Amino acid sequence: MQHIYDTVVIGGGQSALACGYYLRRAALDHVLLDEQEVSGASWLHCWDSLTLFSPAAFSSLPGWLMPESKGPFPSREEVINYLTQYEKRYALPVERPVQVRDVCYRNGVFEVKTSRQTYLARTVISATGTFRKPLIPAYPEQEEFTGRQLHSSTYKTPDDFAGERVLVVGGGNSGAQILAEVSKVADTSWVTLDEVIFLPDDVDGRVLFDQASARYYALQHGQKAPSSQFHVGNIVMVPSVKEARERNVLHTVRPFERFYEKGVVWPDGRRESIDTVIWCTGFGFALDHLACLQLPLDEKGRAQVEGTKAVKQPGLWLVGYGNWTGFASATLIGVGRSARQTVSEIQAFLQQN
Ligand code: FAD
27 MQHIYDTVVI GGGQSALACG YYLRRAALDH VLLDEQEVSG ASWLHCWDSL TLFSPAAFSS
87 LPGWLMPESK GPFPSREEVI NYLTQYEKRY ALPVERPVQV RDVCYRNGVF EVKTSRQTYL
147 ARTVISATGT FRKPLIPAYP EQEEFTGRQL HSSTYKTPDD FAGERVLVVG GGNSGAQILA
207 EVSKVADTSW VTLDEVIFLP DDVDGRVLFD QASARYYALQ HGQKAPSSQF HVGNIVMVPS
267 VKEARERNVL HTVRPFERFY EKGVVWPDGR RESIDTVIWC TGFGFALDHL ACLQLPLDEK
327 GRAQVEGTKA VKQPGLWLVG YGNWTGFASA TLIGVGRSAR QTVSEIQAFL QQN
C-alpha cells in the first residue's frame, strides 16, 4: 500500500515554508515538493540587485525573525539565506527538485503526479506563487518587432544593455528599480499607463503594510476604513531609485501605439528605433498543475476561495497568491497569518473526513 500523507504542499517558497511551520507544529504527516534545485524559490531568479521594501524585522516568517541586514533593506542573497536557514531550523521536509505536473482527486485521495513519483495525500496546499506566470500585454504588430523583448522575471543585470536604446514598460516597483539601473548604461524611456506616484523617502513597505492592515481590520469588523495616503502600488524610494532621481531620469511617458520591425510608433505618429523592451508588467498565478481538478477560473486566472480554501474542491487550499488568498499573503510578513489559518482548517478537515 502506498503511503498517504495528511498534506502535500506544492512549492518551496516563503508561502510553502510558512505552511510547513504550522503543519509541523500540528504534527501532521506532510511533505513539501519544490521544483527548484536549492532553497530560495523565486528569489533565486530575481535580478541581482533586488532588495526588499521593508527592513528585515518586518519581513519575517512565523517563528523566527529575519536576521538584520547589512543595508537598510535585505538583499536578494539575504532573503535566500534566510529561507535556506528557516527550512533547516525547522527541519521542514522539502523534496527537490520535484516538479508537480498534475493533481487529480479520486475516491477522497489526491494523486499528486510529479517528475519523480506519484504522491498520495488527503489534503493539498498549492503554494506555487506567481513567478512562473509572467504577464506581457499585447500590443499591435508585436510579432513584427525584431529587437529584444524580455520580462522582468528574466532580467538579471544592466550590463546586457550597455549602449542600447531601451524601453522599460510598467509603472510598478520593478519598473522603477530596473529603470534606475539600466538608465546608468543605456538610453532609456519609462513607459507607464499613467503618471506614477513616488512615496515620501521615509515611507517603506512596513508603513504600507501597517496602513493596509489597519484598513483590513476595520473592514473585517464592519468599521469605517481609515483613509490612507499611500498605496501598495506606489513607488518605494529604495536607494537605487533615489539615486536615479538625483540623475533626473525618473520620468514617465504614455504608451506607444504599436510596434514596427525596428521599434515602436508613438501616439504622435513618430517612429523610433528601439533595441530592447523590458516588460515589468507583473504576473498571473501558477495554477496549471491543478488542471485535472477542473476548477473554474475567473478572467484573471483565480480559483474561487473562501479564505484560502478552494470552494469547488474539498481538501484543497491555495496560499500566498495575493490578497485574493488572504490579506498581504504574497509578502513574507503577511503569509504567516494565511498559513496558520489554513493549517487549522486542514486539522478540522482531517478530523471530519
Ligand atoms: P515563490 O517564491 O514563487 O515560490 C513558489 C515555489 O514553488 C518556487 O520555488 C517555484 O519554482 C515552485 N513551483 C511552482 N510551480 C511548481 C510545481 N508545479 N511543482 C513544484 N514546484 C513548483 N515580498 C515581500 O515580502 N517583501 C518585498 O519587499 C517584496 N519585494 C518584491 C519585489 C519584486 C520585484 C517582486 C517580483 C516580488 C517581491 N515580493 C516581496 C513578493 C515575493 O517575491 C513573492 O510574492 C513571493 O516570492 C511569493 O512567495 P511564494 O512562496 O508564494 O512563491
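Residue numbers (the working numbering): 27 to 379.
Just so it is clear, CB atoms sit at the ideal spot from N, CA and C, and this is done for glycine as well.
Please read all numbers here as calculations on a predicted model, not as lab measurements.
- Query: In terms of DSSP beta bridges, what is F224 paired with?
  - Reply: As a position in the sequence shown, residue 224 is number 198, starting the count at 1. The partner list for F224 (beta bridge, DSSP) reads I261.
- Message: Given the structure, does E383 come close to the ligand FAD, in the sense that its CB is under 8 Å from one of the ligand's heavy atoms?
- Response: Outside the displayed span of the chain (27 to 379) sits residue 383, for which this structure offers no information.
- Bounding residues of the alpha helix (DSSP H) (the contiguous stretch that carries Q203): As a working note, residue 203 is residue 177 in the sequence shown. Start and end: 199-208.
- Message: Using a Cβ-Cβ cutoff of less than 8 Å, which residues in the same chain neighbour D60 once the five nearest sequence positions on both sides are dropped?
- Response: The count along the sequence shown starts at 1 and reaches residue 60 at position 34. Closer than 8 Å at the Cβ level, and outside the excluded window around D60, lie G37, G38, G39, A42, A67, V120, E121, R122, P123, V124.
- Query: So who's on the other strand from S299, going by DSSP bridges?
  - Reply: Position 273 of the sequence shown, counting from 1, holds the residue named residue 299. In DSSP, S299 forms a bridge with G289.
- Neighbour flag for W292 against chain C, beta carbons, 9 Å: As a matter of chain content, chain C is missing from the structure shown, which is built from one protein chain.
- Item | Extent of the continuous alpha helix (DSSP H) to which F136 belongs | Stepping through the sequence shown from its first residue, residue 136 is reached at position 110. Unbroken run through F136 is the beta strand (DSSP E), 135-140; no alpha helix (DSSP H).
- Message: By alpha-carbon positions, which one of V194, I261, F256 ends up nearest to R280?
- Response: On the sequence shown, position 254 is the one that residue 280 refers to. The candidate whose alpha carbon is nearest that of R280 is V194.
- Query: Which value, in whole angstroms, describes the spacing of the CA atoms of H315 and R296?
  - Reply: As a first step, residue 315 is located in the sequence shown; it is residue number 289 there, counting from the start. As a first step, residue 296 is located in the sequence shown; it is residue number 270 there, counting from the start. For H315 and R296, the distance between alpha carbons rounds to 44 Å.
- Taking all protein chains shown into account, do 16 or more other C-beta atoms lie within 10 angstroms of the C-beta of S80, making it buried, or fewer, making it exposed? Within the sequence shown, residue 80 is the residue found at index 54, counting from 1. Counting Cβ neighbours within 10 Å, S80 comes out buried, since at least 16 surround it.
- Taking Cβ positions, are T154 and V135 nearer each other than 9 Å? As a working mapping, residue 154 is identified with position 128 in the sequence shown. As a working mapping, residue 135 is identified with position 109 in the sequence shown. No, the Cβ-Cβ distance between T154 and V135 is not below 9 Å.
- Query: Under a Cβ-count criterion, where at least 16 other Cβ atoms within 10 Å of its own Cβ denotes burial, should R273 be classed as buried or exposed?
  - Reply: As a first step, residue 273 is located in the sequence shown; it is residue number 247 there, counting from the start. Exposed: under 16 other Cβ atoms inside 10 Å.
- What first and last residue would you give for the alpha helix (DSSP H) that runs through D314? Taking the first residue of the sequence shown as position 1, residue 314 is located at position 288. Unbroken run through D314: none, as it is neither H nor E.
- Message: In the DSSP assignment, the beta strand (DSSP E) including I151 goes from what residue to what residue?
- Response: Sequence index remark: in the sequence shown, residue 151 carries index 125 (1-based). Run containing I151: 144-152, per the beta strand (DSSP E) assignment.
- Does DSSP put I36 in a helix, in a strand, or in coil? Reading the sequence shown from its first residue, position 10 is the one you call residue 36. Looking at I36 - three-state DSSP - the assignment turns out to be strand.
- Return yes when the C-beta of D314 is under 8 Å from any heavy atom of the ligand FAD, and no when it is not. Taking the first residue of the sequence shown as position 1, residue 314 is located at position 288. At least one heavy atom of the ligand FAD is nearer than 8 Å to the Cβ of D314, so yes.
- Item | Cut-off 8 Å between Cβ atoms - residues of its own chain near Y31, not counting five sequence neighbours on either side | Taking the first residue of the sequence shown as 1, we reach residue 31 at position 5. Once the five neighbours on either side are set aside, the close Cβ partners of Y31 are D55, H56, V57, Y145, L146, A147, R148.
- Please look up how many angstroms separate the CB atoms of W69 and Y181, rounded, as I've assumed it's under 8 Å. Locating residue 69 in the sequence shown gives position 43, where the first residue counts as 1. Locating residue 181 in the sequence shown gives position 155, where the first residue counts as 1. About 14 Å separates the two Cβ atoms, so there is no contact after all.
- Is it the case that the CB of N199 approaches a heavy atom of the ligand FAD more closely than 8 Å? As a position in the sequence shown, residue 199 is number 173, starting the count at 1. Correct: N199 has its Cβ closer than 8 Å to the ligand FAD.
- Residue ranges of each alpha helix (DSSP H) within the segment 56-135, 4 or longer: 102-115
- Task: Using a threshold of 9 Å, state whether the C-beta atoms of F171 and E283 are closer than that.
- Result: Counting from one through the sequence shown, the residue named residue 171 turns up at place 145. Counting from one through the sequence shown, the residue named residue 283 turns up at place 257. No, the pair does not count as a contact, with Cβ atoms beyond the cut-off.
- Query: Does the Cβ of I162 lie closer than 8 Å to at least one heavy atom of the ligand FAD?
  - Reply: Here residue 162 is taken as the residue at index 136 of the sequence shown, counted from 1. I162: no, Cβ never under 8 Å from the ligand FAD.
- Message: Going by the DSSP bridge assignment, what does V279 pair with across the sheet?
- Response: Against the sequence shown, residue 279 aligns to sequence position 253. DSSP output for V279 lists V217 as bridge partner(s).
- Message: Please list the terminal residues of the continuous beta strand (DSSP E) segment that includes R191.
- Response: What you label residue 191 is simply residue 165 of the sequence shown in a count that begins at 1. Counting along the chain, the beta strand (DSSP E) containing R191 begins and ends at 191-195.
- Query: Which of helix, strand or coil does DSSP assign to P252?
  - Reply: Stepping through the sequence shown from its first residue, residue 252 is reached at position 226. Looking at P252 - three-state DSSP - the assignment turns out to be coil, as it is neither helix nor strand.
- Query: So which of P184, L219, A202 has the shortest CA-CA distance to P265?
  - Reply: To locate residue 265, count along the sequence shown from 1; it is residue 239. Closest by alpha carbon: A202.
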